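A short worksheet on the structure shown next.
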C-alpha cells in the first residue's frame, strides 16, 4: 500500500488523473496543519489539499491507524465514505463535493476542494449567519433519506444498502460514546464543582438514561434510509448561498430524522452560547439568537415539506395514497428529533472532549450559564418531545426554559 | 442436482448417513399425500417421512419450483431454514426438531420426525386442548428472540445474523400478501353479499389501513432478533406435554413480539370459531373457550416473564440495570402484539385462501358469525392496543366485543 505524503502526492495524482496539470505552480497542504477554523476538526484521516491555478482538489486517505489518536481503525471506512458520497451526490449534487476518482487498493479518493466555503461551526461561533442553511440542510436530509428508503428503492436495493453500509466498527463509536459515555464517568469539572454535581445528578437520573437507551435502540436497529450519522456543524461547509456536506464515513441505514435531530442539537448549543457569550451589542445578540431559532424552524419545516414532496412525487406504487403512513413517519420524526438533539448536546456539554461552541466563551460564569442552559433544555425537550406537533412546539420549549433560567440567575 | 423421490431416497440416505439401517422394513411416505390433519399445510417443499423400526426421519428438499403452486421460489430457503433451526435448537432444544444432516448442494436437510406429535391447528379444530401450549410457545419465542438480539450477542454477531437472514424473497410474500392483500381485492364472497360488504367497508377504511402500514414498516425495517415469521398453529406440533416448532424458512431478524402477535391471532380465530361451532355440550364449549383465553394469557405472560428472566440473567454488561429500557421494549411488544394478531386474522378472514379454523364450521350462519366476530375483534384490538398494559386488557376487549356482538344477533 502506498502512503501518500506531500512528496509523492503529485506523481501519484499524475499517475491516476491523466488530466492533472502540474506545469504551473502547485500548492500542497495537509489538513490539520492549518487552524481548526480552516480545516474543521477531522482527526482520523490523512487529507491533503492540492491547489493549481486550474483546480483545487482534496485527497483523502484512510489508513489503519487514526491520524491523531494513533488507534487502529477499519480502512473500509474510506470505501464506504466514497460510496455514500456517490449516492448522496446522485441525489443532491448541489450539496455534495464532486468525486474525481477512487483508489480502492490504497483506501484513497480524490474530490473537489470546497474550501471556498467555510466550516459552519466556526462561523457561527463568530456570529456569522448563513441565511439558507436550514433550508439547504433540510432538503439534503429529506431527499437523501427518502431516496435511499424502501419507499423509493426496490426491496432488493434497500436491503443491499443495509448490507453494504453495515459499518459496525464506526457505528460502534457513536453507539457507545455518543449515547452512553455521558453517564457519570467523564463530566467536565472545569466549570466548578457545583456545575459538575448538577450535571452528574442529571446524568444519573434513570428516566433520562432510559430515553437515551430507547433512542439508541432505534439508532442501532431501525433501518429507514442512508443517514450521514455525524452531521454536525463542522461537517457542513457553507457560504451565503452554497452548502456542502462532508465527512461521510459514519454513513449507514438508520432511522429517519437522526441527522435532523443531531444538527438541531448543534444549533441549540449555539443558541445557548449566544445567550451568554459577548456580542458587539445587545441588538446583534438578539438578531443572532433569532437567526438560530429561525434556522432550527426552517431546517425542520423544510425536512417535513421536502419529504412530503418526495413522497407525493416519487413514492412506490404500493404506498401511493397512504397519507396516514406518511403522517405517522413524520410524527415519529417530530418526536425523535428533540431526543437526538438532546442526546448530542448532553454528550458534548458534559464530556471532556473540547466543544468549541462553548469553549469560545471566555468568561467562566458565562460559559457555565450557557452549559447549564443547554442541559436544562436537553432535559426539557427530551421529555416534552412526545407532545410536539411541529418545530414551533420545540422552539417554544427552548424559549420558555431560557426565560425560566434567566429568572433564576 | 439430485431430485429426491421415493425410489432414490433410501440409497441417498445410506450414502449420507453411515448409521442409517435399512435391513429392517422401511416405510416411506410423502407429506401432502396424507390428510392435512396428519401433514399440516406445507405446500412449497418436498418432504418425505422415512420410518424404520429404529428411527423416524424427515427429509426436506427445497426445489426451484414450489411443489403445489409450481411457481419459482428461491432455493436458498432450504439453507436458511436449516440454519435458523440450528440456532433455535441451540437455544431451546426442547422445542425444535433435532437436525441429522444437511446437503447444501442439493438443498436438502434431514431431521428428526416429530409426527408422534399432532399439528395443533387441527386438534384445536376438534376442541383438543394442550394445557402447556401457551407456556411452551411463550418460552420458545422469548428465549430465541432475546438470545439472537444485540442485548445478548455482540454487535458483530447480531449484524451478521441480519445479513445472513436477509431473506428478501420469502419475506416479500408476507410483506405484501399478509399485510396488504386484504385490501379490497379478494374478499371471500361465499358468506353472502352482506358479509362481503361489511368486510369490504372495513378493509377500505383508511384508519385500519394506516395501522397495517405502520406495523408493516416495523416488520420490514426493525431488526430486534431472529423471528420465525410464520408461527401459526399448523407450524406447531404438540402433545399433552411436548411441543415442537417446525417450518422455519421465513426466519429473519425482525421485531420483538411479531411471532407472539401472529400466534395470538390464530388463538383469537379459534376463540371466534368456538363461540359458534358445534360442541357436544354448552359446558364443553365454555370449557374450551376458557382454555383458549387462558392460553392467550399464558402465552403473553410467559413471553414477558421469560424475556425479563433472560434479561436479568444474561443481558450484556452495557444493559445491566437498565430496567427502563426493558420496560419500554416490553411495553412496545404489548402494543404491537394485538396489532399483528389483528393483521393476520383480518387477512385470513377476508382472503380467499382456505382457513380451516373457520372452514370446519358447517353451518353457514355460524361460520359468518364467527368470521364477523373475528373482524370486529380485529378492529377493536387494532385501535385499543395503545392502552393495553397486559394480556388482561386484551382479553377484556375480546370478551367485551363478543358480548356486544351477541346482543346484536
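Residue numbers (our numbering), protein chains in the order written: chain C, 1 to 409; chain U, 1 to 409.
Backbone N, C-alpha and C define an ideal beta-carbon position, used for all residues, glycine too.
Being a predicted model, the structure only gives us computed values, none of them experimental.
Spatial neighbours of residue 274 of chain U within its chain, please: C-beta separation below 8 Å, excluding the five flanking residues on both sides.
Along the second chain, one-based indexing puts residue 274 of chain U at 274. Excluding positions up to five away in sequence, the list reads 127, 285, 288, 289, 292.
C-alpha distance - residue 103 of chain U paired with residue 29 of chain U, whole-angstrom precision:
As a first step, residue 103 of chain U is located in the second chain; it is residue number 103 there, counting from the start. As a first step, residue 29 of chain U is located in the second chain; it is residue number 29 there, counting from the start. Near 20 Å, if we compare the C-alpha coordinates of residue 29 of chain U and residue 103 of chain U.
Taking only three categories from DSSP, how would you classify residue 237 of chain U?
Reading the second chain from its first residue, position 237 is the one you call residue 237 of chain U. Looking at residue 237 of chain U - three-state DSSP - the assignment turns out to be strand.
Measuring only between beta-carbons, confirm whether residue 222 of chain U sits less than 8 Å from chain C.
For the purposes of this step, residue 222 of chain U is taken as residue 222 along the second chain, with counting starting at 1. So yes, residue 222 of chain U belongs to the interface.
Closer than 8 Å to chain U by CB, residue 213 of chain C:
Position 213 of the first chain holds residue 213 of chain C. Yes, its Cβ sits closer than 8 Å to a Cβ of chain U.
Kindly provide the ranges of any beta strand (DSSP E) runs that are 3 or more residues long and lie completely inside the stretch 184 to 265 of chain U, ordered along the chain.
225 to 227, 236 to 238, 243 to 245, 252 to 254
Return the chain-ordered list of same chain residues with a C-beta closer than 6 Å to the C-beta of residue 130 of chain C, the five sequence neighbours on each side being excluded.
Numbered from 1 along the first chain, position 130 holds the residue referred to as residue 130 of chain C. Once the five neighbours on either side are set aside, the close Cβ partners of residue 130 of chain C are 238.
Report yes or no: is there a C-beta of chain C within less than 8 Å of the C-beta of residue 324 of chain U?
Sequence index remark: in the second chain, residue 324 of chain U carries index 324 (1-based). At least one chain C Cβ lies under 8 Å of residue 324 of chain U.
Please check the pair residue 341 of chain U and residue 381 of chain U, which I expect to be a contact at CB under 8 Å, by giving their CB distance rounded to whole angstroms.
For the purposes of this step, residue 341 of chain U is taken as residue 341 along the second chain, with counting starting at 1. For the purposes of this step, residue 381 of chain U is taken as residue 381 along the second chain, with counting starting at 1. With 8 Å as the limit, residue 341 of chain U and residue 381 of chain U qualify as a contact, their Cβ atoms being about 7 Å apart.
Could you list which residues in chain U have their beta carbon closer than 7 Å to that of residue 206 of chain C, in chain order?
Taking the first residue of the first chain as 1, we reach residue 206 of chain C at position 206. Chain U residues near residue 206 of chain C: 324.
According to DSSP, residue 118 of chain C sits in a beta bridge with which residue or residues?
Walking along the first chain from the start, residue 118 of chain C turns up at place 118. Its beta-bridge partners are C:238.
Looking at residue 333 of chain C: is its Cβ nearer than 8 Å to the Cβ of residue 152 of chain C?
The residue you call residue 333 of chain C lines up with position 333 of the first chain. The residue you call residue 152 of chain C lines up with position 152 of the first chain. Result no, Cβ atoms of residue 333 of chain C and residue 152 of chain C do not sit closer than 8 Å.
So, for residue 174 of chain U: in the same chain, excluding its five sequence neighbours on each side, which residues have a beta-carbon less than 8 Å away from its beta-carbon?
As a position in the second chain, residue 174 of chain U is number 174, starting the count at 1. Contacts found: 219, 229, 230, 250.
Beta-carbon of residue 163 of chain C versus every beta-carbon of chain U: anything under 8 Å?
Residue 163 of chain C sits at position 163 when you count from the first residue of the first chain. Yes, residue 163 of chain C lies at the interface with chain U (some Cβ there is under 8 Å from its Cβ).
Contact defined as beta carbons within less than 8 Å: I believe residue 61 of chain U pairs with residue 8 of chain U. What is the distance between those atoms, to the nearest angstrom?
The count along the second chain starts at 1 and reaches residue 61 of chain U at position 61. The count along the second chain starts at 1 and reaches residue 8 of chain U at position 8. Contact flag wrong, Cβ pair sits at about 11 Å.
Closer than 9 Å, Cβ to Cβ, to anything on chain U: give me those residues from the stretch 349 to 368 of chain C, in chain order.
none
Using a cut-off of 7 Å between C-beta atoms, extract the partners of residue 328 of chain U located in chain C.
Position 328 of the second chain holds residue 328 of chain U. In chain order: 210, 214.
DSSP beta-bridge partners of residue 101 of chain C
Working through the first chain from its first residue, we reach residue 101 of chain C at position 101. DSSP output for residue 101 of chain C lists C:110 as bridge partner(s).
Taking the CB atoms as reference points, tell me whether residue 167 of chain U and residue 109 of chain U lie closer together than 8 Å.
Counting from 1 along the second chain, the entry for residue 167 of chain U is found at position 167. Counting from 1 along the second chain, the entry for residue 109 of chain U is found at position 109. It is not a contact, given that the beta carbons lie outside the stated cut-off.
So within the stretch 293 to 356 of chain C, which uninterrupted alpha helix (DSSP H) runs reach at least 4 residues, ignoring any that extend past its ends?
323 to 350
Using three-state DSSP, classify residue 60 of chain C as helix, strand or coil.
Residue numbering aside, residue 60 of chain C sits at position 60 when the first chain is read from its first letter. Of the three classes helix, strand and coil, the one that applies to residue 60 of chain C here is strand, per DSSP.
Taking residue 304 of chain C as the reference, give the member of C:6, C:327, C:211 with the closest Cα.
Translated into positions along the first chain, residue 304 of chain C becomes position 304. Of the candidates C:6, C:327, C:211, the one whose C-alpha sits nearest the C-alpha of residue 304 of chain C is C:327.
Verify whether the separation of the beta carbon atoms of residue 122 of chain U and residue 280 of chain U is less than 8 Å.
Residue mapping note: residue 122 of chain U aligns to position 122 of the second chain, counting from 1. Residue mapping note: residue 280 of chain U aligns to position 280 of the second chain, counting from 1. Cβ atoms of residue 122 of chain U and residue 280 of chain U: not closer than 8 Å.
Taking the beta strand (DSSP E) that residue 50 of chain U falls in, what are its first and last residues?
Translated into the one-based positions of the second chain, residue 50 of chain U becomes position 50. It spans 46 to 51 - the beta strand (DSSP E) in which residue 50 of chain U sits, taken as one unbroken run.
Could you tell me whether any Cβ in chain U is nearer than 8 Å to the Cβ of residue 144 of chain C?
Within the first chain, the letter at position 144 stands for residue 144 of chain C. Taking Cβ atoms only, chain U never reaches closer than 8 Å to residue 144 of chain C, which makes this a no.
Against residue 150 of chain C, what residues of chain U qualify as contacts under a CB-to-CB distance less than 8 Å, listed in chain order?
For the purposes of this step, residue 150 of chain C is taken as residue 150 along the first chain, with counting starting at 1. Correct list: 220, 221.
Nonlocal neighbours in the same chain, by C-beta distance under 8 Å from residue 190 of chain U, ignoring five residues either side
Counting from 1 along the second chain, the entry for residue 190 of chain U is found at position 190. Closer than 8 Å at the Cβ level, and outside the excluded window around residue 190 of chain U, lies no residue.
Quick check on this structure: which residue in C:98, C:265, C:51 has the alpha carbon closest to the alpha carbon of residue 85 of chain C?
Looking up residue 85 of chain C in the first chain gives position 85. Considering only alpha carbons, the answer is C:98.
What does a CB cutoff of less than 6 Å around residue 216 of chain C pick up in its chain, not counting 5 residues either side in sequence?
Position 216 of the first chain holds residue 216 of chain C. For residue 216 of chain C, where only same-chain residues beyond five positions count, the Cβ hits under 6 Å are 179.
Could you name the residues that DSSP lists as bridge partners for residue 30 of chain C?
Translated into positions along the first chain, residue 30 of chain C becomes position 30. Answer by DSSP bridge pairing, in chain order: C:48.
Looking only at its own chain, which residues have a Cβ that is under 6 Å from the Cβ of residue 272 of chain C, when we skip the five neighbours before and after it?
Taking the first residue of the first chain as position 1, residue 272 of chain C is located at position 272. If we look at residue 272 of chain C and ignore the five residues flanking it on each side, its Cβ neighbours are 370, 373, 374.
Separation of residue 223 of chain C from residue 376 of chain U, as counted between CA atoms
The residue you call residue 376 of chain U lines up with position 376 of the second chain. The residue you call residue 223 of chain C lines up with position 223 of the first chain. About 33 Å.
What I want to know is whether the C-beta of residue 68 of chain U ends up closer than 7 Å to one or more non-hydrogen atoms of the ligand COA.
Although the ligand COA was asked about, the structure shown includes no ligands whatsoever.
Can you give me the Cβ contacts of residue 2 of chain C inside the same chain, cut-off strictly under 6 Å, excluding the 5 residues immediately before and after it?
For this step, residue 2 of chain C is matched to residue 2 along the first chain. Around residue 2 of chain C: 106.
Does residue 173 of chain U come out as helix, strand or coil in the three-state DSSP assignment?
Here the question's residue 173 of chain U lines up with position 173 in the second chain. Helix, per DSSP.
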